[in-house]
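**Q** Per my numbering, the sequence shown runs over residues 7 to 383.
Built from N, CA and C at the ideal position, the CB exists for glycine as well.
Attaching a single structure in structure tokens format; questions to follow.
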Amino acid sequence: MASPQKIRTEITDLFKINHPILLAGMNVAAGPKLAAAVTNAGGLGVLGGINYTPEMLKDQIDELKSHLHDKKAPFGVDLLLPQVGGNARKTNYDYTKGKLDQLIDIIIESGAKLFVSAVGVPPRHVVEKLHKNGIIYMNMIGHPKHVKKCLDLGVDIICAQGGEGGGHTGDIATTVLIPAVVQAVKGHKSPLTGRPVQVIAAGGIHNGQLLAAALMMGASAVWVGTRFVLSEEAGAPESHKEAVRTASFDDTVRTLIFTGRPLRVRKNPYIMNWEEERQQEIKELTSQGKLPYEADLDKVMSGEAEQTPALKGLKESAGDDVDVEDLLDQFRPFLMGQCAAVCNDKKPAKQIVDEFIDDATACLKQGNSYLARESKL
């Protein structure tokens with residue numbers, strides 16, 4: 007059962023939730039059980055549908071709903087919709103494999119309250135269809151220059167993620183990005199609700215202090231990823247959770263090698279061999295529309311692993327006692343934000359949500375105490 011409401015914002019009113027906390031749609035690292043747990047705790051759980059077929063997405067949503075205490079409670083779905091062709095990155099591809107309209111139909115039929123578009127914007131007809139069915143449309147951005155495109159499409163909420171965040175992210179700090187985006191949406195209204203377009207803060211948000219700070223910067227909720235990877239309900243494998251738990255302040259890096267766009271992950275010798283020794287190769291491959299790690303993977307799968315710079319680099323950094331299996335292990339990136347350095351203990355999702363709210367409430371009260379009393383004279 008969700009804890010009583012202590013902080014009320016436009017977002018809590020919009021989704022009829024107790025707490026202004028949204029789970030980042032982190033694909034398998036989050037999963038349906040965690041999404042349901044965050045909704046059950048009074049926040050809003052979001053399912054990340056990356057490379058899902060319509061059937062897979064339906065199964066994931068059905069599982070999420072099976073864990074909900076209130077079967078009508080709100081949840082969201084997040085899809086990656088990068089631009090393909092034109093002047094877009096040559097490594098971009100259609101994650102929906104031509105099935106976007108079918109995926110949208112499933113989202114609508116499922117009763118989802120929120121649709122999230124990441125690494126790009128949806129086609130206009132998708133936004134119109136979502137709005138026709140009463141579904142809120144939110145877009146992820148990492149730079150203020152992307153605000154206008156979202157507003158022109160009829161966005162209801164913009165989630166601005168600073169460069170501290172895990173996964174696909176820009177390089178503008180959260181404390182710079184959020185106020186800039188809040189300013190950029192001023193005067194614009196949601197075509198669905200008629201209320202002002204809302205901003206949700208993301209990027210390194212891992213505790214109640216930062217929730218309070220985000221609210222003071224003009225956001226009306228937070229989007230939380232890395233902290234929830236280290237939750238009991240997270241679908242992330244134990245190796246991913248342990249990678250978050252043990253990360254230090256210098257253990258993440260933004261790399262192009264896995265997706266062709268900046269992706270913040272935990273460092274490992276394989277990744278750092280690319281970053282420190284093979285930068286020119288990264289540029290050449292991505293300019294051809296090829297993903298760097300796939301170039302190595304192809305060689306490994308064809309029995310040519312010993313000829314790859316990756317295995318040679320791994321042996322140099324980790325010693326000769328490494329083999330192809332060690333290399334393949336390092337082909338699996340652990341996505342996490344810089345806040346992994348201070349996320350050190352695994353807890354139930356409800357406890358994480360409650361601690362966010364309790365600490366944010368205390369911060370807001372403390373902040374209020376700093377206001378000088380006006381003289382009555």
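With 7 Å set as the bound, which would you pick, yes or no: does the beta-carbon of Glu-290 sit closer than that to a beta-carbon of chain B?
**A** In the structure shown, chain B does not exist; there is a single protein chain.
**Q** Taking the alpha carbon of Ile-385 as the reference point, which residue from Gly-266, Ala-218, Asn-350 and Val-203 has its own alpha carbon closest?
**A** A query on residue 385 cannot be resolved here, the shown segment of the chain reaching from 7 to 383 and no further.
**Q** So, is Asp-302 buried or exposed, given that buried needs 16 or more other C-beta atoms within 10 angstroms?
**A** buried
**Q** Which whole-angstrom value is the C-beta distance of Val-359 and Met-32, which I expect to be below 8 Å?
**A** By a beta-carbon distance limit of 8 Å, Val-359 does not contact Met-32. Their separation comes to about 16 Å.
**Q** Could you say which of Phe-362, Val-153 and Leu-216 lies nearest to Asn-24 if we only look at CA atoms?
**A** Phe-362
**Q** By Cβ distance, which residues of its chain are closer than 6 Å to Ala-220, with the 5 residues on each side in sequence left out?
**A** Ala-207 and Val-228
**Q** If you check the beta carbons only, do Pro-60 and Lys-105 fall under 7 Å apart?
**A** In terms of Cβ geometry, Pro-60 and Lys-105 form a close pair [threshold 7 Å].
**Q** Starting from Val-235 and walking both ways along the alpha helix (DSSP H), at which residues does that stretch end?
**A** In this chain, the alpha helix (DSSP H) harbouring Val-235 covers 232-235.
**Q** Would you be able to state if there are at least three C-beta pairs under 8 Å between the region 156-173 and the region 185-197?
**A** yes
**Q** Measure the beta-carbon distance from Ala-36 to Lys-356 and round it to whole angstroms, keeping in mind my assumption that it falls under 8 Å.
**A** At roughly 15 Å, the Cβ-Cβ gap does not stay under 8 Å, so Ala-36 and Lys-356 are not in contact.
**Q** I need the straight-line Cα distance from Ala-94 to Val-83, nearest angstrom please.
**A** 24 Å
**Q** In the DSSP assignment, find the unbroken beta strand (DSSP E) run with Gln-460 in it and report its ends.
**A** There is no way to answer for residue 460, as the model of the chain reaches only from 7 to 383.
**Q** From which residue to which residue does the alpha helix (DSSP H) around Ile-277 run?
**A** Unbroken alpha helix (DSSP H) run through Ile-277: 275-283.
**Q** Measure the C-alpha to C-alpha separation of Thr-97 and Pro-129 and round it to an integer number of angstroms.
**A** 20 Å
**Q** Using DSSP bridges, identify the partner residues of Phe-121.
**A** Val-83 and Tyr-143
**Q** Could you check if Ser-245 is buried or exposed, using at least 16 other CB atoms within 10 Å of its CB as the buried criterion?
**A** Under the 10 Å beta carbon count, Ser-245 is surrounded by fewer than 16 other beta carbons and is classified as exposed.
**Q** Taking only the alpha-carbon atoms, compute the straight-line gap between Arg-267 and Val-132 and give it to the nearest angstrom.
**A** 24 Å
**Q** My output table needs one value for Thr-261: the three-state DSSP class, helix, strand or coil.
**A** strand
**Q** Going by alpha carbons, who is nearest to Ile-141 out of Phe-121, Ile-147 and Pro-150?
**A** Phe-121
**Q** Just tell me which of Glu-282, Tyr-276 and Glu-283 has its CA closest to the CA of Glu-300.
**A** Of the residues Glu-282, Tyr-276 and Glu-283, the one whose Cα lies closest to the Cα of Glu-300 is Tyr-276.
**Q** Between Arg-201, Gly-148 and Leu-198, which lies nearest to Pro-185 when the distance is taken from Cα to Cα?
**A** Gly-148
**Q** Quick check on the DSSP output: the alpha helix (DSSP H) that includes Gln-357 runs from which residue to which?
**A** Gln-357 -> alpha helix (DSSP H) spans 355-375.
**Q** Applying the criterion that 16 or more other CB atoms from any shown protein chain within 10 Å of the CB defines a buried residue, is Ser-237 buried or exposed?
**A** buried
**Q** Flag this pair as touching only if the region 110-117 and the region 62-80 have three or more C-beta atom pairs under 8 Å; answer yes or no.
**A** yes
**Q** Using a 10 Å radius around the Cβ and a threshold of 16 neighbouring Cβ atoms, would you call Val-182 buried or exposed?
**A** exposed
**Q** Evaluate Glu-282 with the Cβ neighbour count: other Cβ atoms within 10 Å of its Cβ, from every protein chain shown; 16 or more gives buried, anything less gives exposed.
**A** exposed
**Q** Sort out for me which residues DSSP pairs Val-205 with in a bridge.
**A** Ile-164
**Q** For Met-55, which of helix, strand or coil comes out of DSSP?
**A** Checking the sequence shown, residue 55 turns out to be Gly, not Met. In the structure shown, Gly-55 sits in coil (DSSP, three-state: anything other than H, G, I, E or B).
**Q** Is the beta carbon of Leu-370 sitting closer than 7 Å to the one on Ala-218?
**A** It is a contact, given that the beta carbons lie within the stated cut-off.
**Q** Can you give the Cα-Cα distance for Thr-252 and Lys-39, rounded to whole angstroms?
**A** 24 Å
**Q** Are the beta-carbon atoms of Gly-214 and Ala-366 separated by less than 7 Å?
**A** yes
**Q** Please state the DSSP three-state secondary structure of Leu-341.
**A** strand
**Q** When DSSP builds the beta bridges, which residues end up paired with Leu-29?
**A** Under DSSP, the beta-bridge partners assigned to Leu-29 are Val-230.
**Q** Using the Cβ count rule (16 or more neighbours within 10 Å means buried), how would you classify Tyr-143?
**A** Answer is buried; the Cβ neighbour count reaches 16.
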